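Be aware that the sequence shown starts at 1, since it is given in UniProt numbering, and climbs by one per residue.
Cβ coordinates follow ideal geometry from the N, Cα and C atoms, glycine included.
Computed from a prediction, not measured in an experiment: that's the story for all the values here.
I have placed the structure first, in the form of structure tokens, so that the comments after it can refer back to it.
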Amino acid sequence: MAVGLAESPSRGLAPMPTLNAAKLLSRDADESQRLLQACKVYGFFYLNLETPPTGFMVKAWRDVLSFMDDYFDLPDATKMLDAHDSDITGYEPCGTSTGAKPGHVDHYESLKVSLEQCLSGVEANLPAAIAKNKELFTSFVQGAHELTLSMLSCLALAMGLPPGVNKIEAAHDTSRASTSTMSMFRYPAQTEEEARNAGGHNQHTDIGTLTFLLCQQPGLQVLSPQLNKWLDVEPRPGHAIINVGDSLRYLSDQQLFSAVHCVLPHEGRQLQHRHSIAFFLRPADDAEYTDSRGAKITAREWHNLKFDHFRASHAEQANNVILTGGMEKAGIHRAHDSSSAGQTVAA
1 MAVGLAESPS RGLAPMPTLN AAKLLSRDAD ESQRLLQACK VYGFFYLNLE
51 TPPTGFMVKA WRDVLSFMDD YFDLPDATKM LDAHDSDITG YEPCGTSTGA
101 KPGHVDHYES LKVSLEQCLS GVEANLPAAI AKNKELFTSF VQGAHELTLS
151 MLSCLALAMG LPPGVNKIEA AHDTSRASTS TMSMFRYPAQ TEEEARNAGG
201 HNQHTDIGTL TFLLCQQPGL QVLSPQLNKW LDVEPRPGHA IINVGDSLRY
251 LSDQQLFSAV HCVLPHEGRQ LQHRHSIAFF LRPADDAEYT DSRGAKITAR
301 EWHNLKFDHF RASHAEQANN VILTGGMEKA GIHRAHDSSS AGQTVAA
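See the structure below:
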């Protein structure tokens, strides 16, 4: 069942380690071990971007936020020209998926550009506003892609796997098509009336391998594997938030932890616009693994199945383990009613 809207901001902060991007890019052995522990124990961690050579990502973050302010303020009719019925490129309005409270729809709009569009110059379905700022988005996506791939190399090193040819890294061969994408989210400010029918981003685990997230405003919550309780993830200047997705959990034979998370306004409704930027690293479309149901499935099939369940009703979502990647089986249990966000979740 869906988690409910938070009634107070007093949940406590999620304890998450902080790793250094520069050390991971240089394949530092000690930092690689810390990365492995973070992915095994928490599934979430901070990544310090402020030191060279990743400092440019902090400036790109500011530039993308400025772009988002301009883009999302455009008339709805103009933005809908970029809607391509795609989960990896183009615009998507609010209310297309279930929300964070039973009977509610989501309350975020998004604009996406795929890794393929940025790296190969594919122009099909590329929003005009992104085409005009192609250098910015190519730089951002290349930087996030390089960082997330370096984390996979560091994980392989820490796990004692043969470099490059192990199944985790091999599944991310850039010569093969994937659904890796950059997504920009805006949670618009709400009136009290709007908040009665829509709110936040429903609890879920991420589809792919690693999520590289940038946000400056609160609202992100994670279901703590240690406390079995919802905790706030505090935004930090100059730091990305990284989390393990379903695909990495499956490719690691369940060794790594994909944490359940959601987005909820602290005040019960969104009082001001909230922005976040994510790069979702995902395996090659034809990469195979065994999912949480014990089924053999390709990464593209899992991607499509999961998005179908994002849009399913809360009742349908409650009948299977797809939305939360089977983490109930790992000892993490879903909230059972609309008042349970911020509380310990009963087994």
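| Item | Value |
| --- | --- |
| Spatially closest choice to Met182 from Gly164, Leu323 and Gln117, by CA coordinates | Gln117 |
| Exposed unless 16 or more other CB atoms sit within 10 angstroms - verdict on Ala77 | exposed |
| Whole-number beta carbon distance between Gly326 and Ser292, since they are thought to touch under 8 Å | 2 Å |
| Nearest-angstrom Cα separation, counted from Phe140 out to Lys296 | 34 Å |
| Beta-carbon proximity of Thr98 to Gln203, cut-off 8 Å | no |
| Beta carbon proximity, Gln317 to chain C, threshold 8 Å | Among the chains in the structure shown there is no chain C, since it carries only a single protein chain. |
| Distance CB(Ala259)-CB(Tyr42) smaller than 8 Å | yes |
| Environment of Asp82 [buried if 16+ CB atoms lie within 10 Å] | buried |
| Stretch-stretch touch, CB-based, cutoff 8 Å, three pairs: the region 272 to 290 with the region 175 to 194 | yes |
| Meets three-Cβ-pair contact criterion under 8 Å: the region 194 to 210 and the region 115 to 130 | no |
| Buried/exposed call for Thr205, threshold 16 Cβ in 10 Å | buried |
| Spatial neighbours of Pro52 in its chain, beta-carbon cut-off 7 Å, leaving aside the 5 residues before and after | Ala22 |
| Euclidean distance between Cα positions of Gln142 and Leu281 | 11 Å |
| Arg269, DSSP secondary structure in three states | coil |
| Reference Asn102, options Gly199, His239, Leu147 and Glu146, closest by Cα | In the sequence as displayed, the identity of residue 102 is Pro instead of Asn. Answer by Cα proximity: Gly199. |
| Selected residue, minimal CA-CA separation from Gly90, among Leu74, Tyr108, His104 and Val113 | Val113 |
| Val58 in three-state terms, based on DSSP | helix |
| Distance CB(Leu155)-CB(Leu35) smaller than 8 Å | yes |
| Leu115 beta carbon less than 8 Å from that of residue 361 | As shown, the chain starts at 1 and ends at 347. That puts residue 361 outside it, with no answer to give. |
| C-alpha distance - Glu92 paired with Pro235, whole-angstrom precision | 25 Å |
| Integer Cβ distance of Cys39 from Leu256, believed to fall under 8 Å | 4 Å |
| Beta-bridge partners of Glu288, as assigned by DSSP | Thr298 |
| Sequence-distant residues of the same chain with beta carbon closer than 7 Å to Asn125, five excluded per side | His84, Ser86, Thr89 and Gly90 |
| 3-residue-minimum beta strand (DSSP E) runs that sit fully inside the region 121 to 183, ordered along the chain | none |
| Residue environment, Phe56, which counts as buried when at least 16 other CB atoms sit within 10 Å | exposed |
| Between the CA atoms of Asp63 and Pro305 - distance to the nearest angstrom | Residue identity differs from the one stated: residue 305 is Leu in this sequence, not Pro. Straight-line Cα distance between these residues: approximately 34 Å. |
| Helix, strand or coil at Leu13 [DSSP, three-state] | strand |
| Asn197, DSSP secondary structure in three states | coil |
| Stretch pair the region 153 to 168 + the region 226 to 235: three plus CB contacts closer than 8 Å | no |
| Proximity of Cys262 and His314 at Cβ, strictly below 8 Å | no |
| Which listed residue (Gly219, Gln221 and Ala240) has its alpha carbon closest to that of Phe212 | Ala240 |
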